[in-house]
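Engineer: Just dropping this structure here.
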Amino acid sequence: MKNLKLAAHSSSEKTIIPVGDLEIGRDFVVIAGPCSIESREQTMTTAAAVKASGADMLRGGAFKPRTSPYSFQGLGLEGLKLLYEAGRENGLPIITEVIDPRDVTWVAEFSDILQIGTRNMQNFSLLKEVGMTSRPVLLKRGMYSTLEEWLNCAEYILSEGNPNVILCERGIRTFEQYTRNTLDLSAVPALKELTHLPVIIDPTHSTGRLSLIEPMSLASVAAGADGLIVEVHHDPEKALCDADQALTPVLFDNLMRRIRPLQAFMQNLPSCAMAC
Ligand code: PEP
Ligand code: MN
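Each step along the sequence shown adds one to the number in this note's numbering, with nothing skipped, and position 270 is 266.
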């Protein structure tokens, strides 16, 4: 792909991103937590549950990019403080979405990773702003974007001086209506050919269906993903955002019990014949 000076596979060794004790790109990371931070009780309960099941990081949106302006927009600073506190209390690094370039500097003071959501993948001023911080950035794939467009967005961040970019496949829009989006799992091995950046999968937003989250998580491990980001809510029926797709703590625990052995198995699999 032309124009990729820093994101291209050939330009660097595989990128390993240290976050707390984790090394993203080397360790398989599971990031879990609610879609949005709603209250102290919800955040603390969910954080303790995902920690107990072996999650590596805690997610939660304080700023929500909602399709309707009348939907819950997130608690902002108050939400970020709750997420930070829950992370500290449970020994989990945190990740949250930033949607406005003006918020990047102060959100970066609290959050271990900055998330750029699908709707902002090509918000170039936001990309430049996060590129100027020293926080790792999780860049979600735009729901209408090609791999080349996505990698060019990673290039925006890298070219501002921030080498720590994680790519997250979260499904793309197709004509299929049964699933919320279509999970492009082939993006994982394709990206491994194209870039040295770690690639993780979001089985929650890509399927939007509880019953599909576990099979697609297992398939992501088999496809060679570097991790997962999954939505979990202590009481999904009461969730203010994405209630239908949130795993309960019990379902998340079941998922983790199946993910870890597969991941250990994959680690011992002889490397593939093609240079991947
Ligand atoms: C999210 O992770 O909460 C989110 C809004 O995801 P996406 O940008 O992939 O829709
Ligand atoms: Mn969500």
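Ideal Cβ positions, reconstructed from N, Cα and C, are used throughout, including at glycine.
Report the three-state DSSP secondary structure of TYR(-3) (helix, strand or coil).
Structural biologist: The sequence given here has Met at residue -3, not Tyr. In this structure, MET(-3) counts as coil in the three-state DSSP scheme.
Engineer: Beta-carbon separation of ARG166 and ASP198 under 7 Å?
Structural biologist: yes
Engineer: Could you give the first and the last residue of the continuous alpha helix (DSSP H) run that contains ILE95?
Structural biologist: That residue, ILE95, is in no alpha helix (DSSP H); it is neither H nor E in DSSP.
Engineer: Restricting to Cα atoms, I'd like to know which of SER216, GLU105, THR178 is closest to VAL184.
Structural biologist: SER216
Engineer: For the ligand MN, which residues count as neighbours when the test is a C-beta closer than 5 Å to any heavy atom?
Structural biologist: CYS31, ASP238
Engineer: Which of the three DSSP states, helix, strand or coil, is assigned to LYS10?
Structural biologist: The answer is coil: DSSP assigns LYS10 none of H, G, I, E or B.
Engineer: By DSSP, does PHE235 sit in helix, in strand, or in coil?
Structural biologist: The residue asked about is misnamed: residue 235 is Ala in this sequence, not Phe. The answer is coil: DSSP assigns ALA235 none of H, G, I, E or B.
Engineer: With H, G and I counted as helix, E and B as strand and the rest as coil, what does DSSP make of CYS164?
Structural biologist: The answer is strand: DSSP assigns CYS164 an E or B state.
Engineer: Looking only at C-alpha atoms, which of PRO194, GLU227, GLY220 sits nearest to GLY21?
Structural biologist: PRO194
Engineer: For the alpha helix (DSSP H) holding MET252, just list the boundary residues, first then last.
Structural biologist: 245 to 263
Engineer: Do VAL100 and GLU81 have their C-beta atoms closer together than 7 Å?
Structural biologist: no
Engineer: What are the partner residues of GLY29, as DSSP defines its beta bridges?
Structural biologist: GLU227
Engineer: Are there three or more Cβ pairs, one per stretch, closer than 8 Å when the segment 50 to 64 is compared with the segment 31 to 39?
Structural biologist: yes
Engineer: Whose CA, out of LEU265, LYS136, ALA48, lies closest to the CA of ALA219?
Structural biologist: For the options LEU265, LYS136, ALA48, the alpha carbon positioned closest to that of ALA219 is the one of LEU265.
Engineer: For GLY57, write down the residues that DSSP places opposite it in a beta bridge.
Structural biologist: SER32
Engineer: Assess contact between the segment 145 to 152 and the segment 105 to 123, defined as three or more Cβ pairs (one per stretch) separated by less than 8 Å. Is contact present?
Structural biologist: yes
Engineer: When you compare only the Cα positions, how much space is there between LYS47 and HIS230?
Structural biologist: 13 Å
Engineer: Within 10 angstroms of the Cβ of VAL133, are there 16 or more other Cβ atoms? Answer buried if so, exposed if not.
Structural biologist: The residue in question, VAL133, is buried, as its Cβ has 16 or more Cβ neighbours within 10 Å.
Engineer: From this set, ASN250, SER141, ALA242, ARG256, which residue's C-alpha is nearest THR42's C-alpha?
Structural biologist: ALA242
Engineer: Alpha carbon to alpha carbon, what distance is there between LYS60 and ASP96?
Structural biologist: 11 Å
Engineer: Please report how far the alpha carbon of THR244 lies from the alpha carbon of ASN(-1), in whole angstroms.
Structural biologist: 43 Å
Engineer: Looking only at its chain, what residues have a beta carbon closer than 7 Å to the beta carbon of GLN69, apart from the 5 residues adjacent to it on each side?
Structural biologist: LYS60, ARG62
Engineer: Using DSSP with H/G/I as helix, E/B as strand and the rest coil, what is ALA221?
Structural biologist: Note: ALA221 maps to coil in three-state DSSP.
Engineer: Hey, would you say THR170 sits closer than 7 Å to THR178, going by beta carbons?
Structural biologist: yes
Engineer: Take the Cβ of GLU105 as the centre, count every other Cβ of all protein chains shown within 10 Å, and call the residue buried at 16 or more, exposed below.
Structural biologist: exposed
Engineer: Hey, could you find the ends of the beta strand (DSSP E) PHE135 is sitting in?
Structural biologist: Residue identity check: residue 135 is Leu in the sequence provided, not Phe. Per DSSP, LEU135 belongs to the beta strand (DSSP E) from 133 to 136.
Engineer: Check whether the Cβ atoms of LEU2 and LEU154 sit closer than 7 Å, and answer yes or no.
Structural biologist: It is a contact, given that the beta carbons lie within the stated cut-off.
Engineer: With a Cβ-Cβ cutoff of 7 Å, do SER107 and THR92 count as a contact?
Structural biologist: yes
Engineer: Using a threshold of 6 Å, is the CB atom of THR114 nearer than that to any non-hydrogen atom of the ligand NAD?
Structural biologist: Annotation note on the ligand NAD: not contained in the displayed structure, which lists the ligand PEP and the ligand MN as its ligands.
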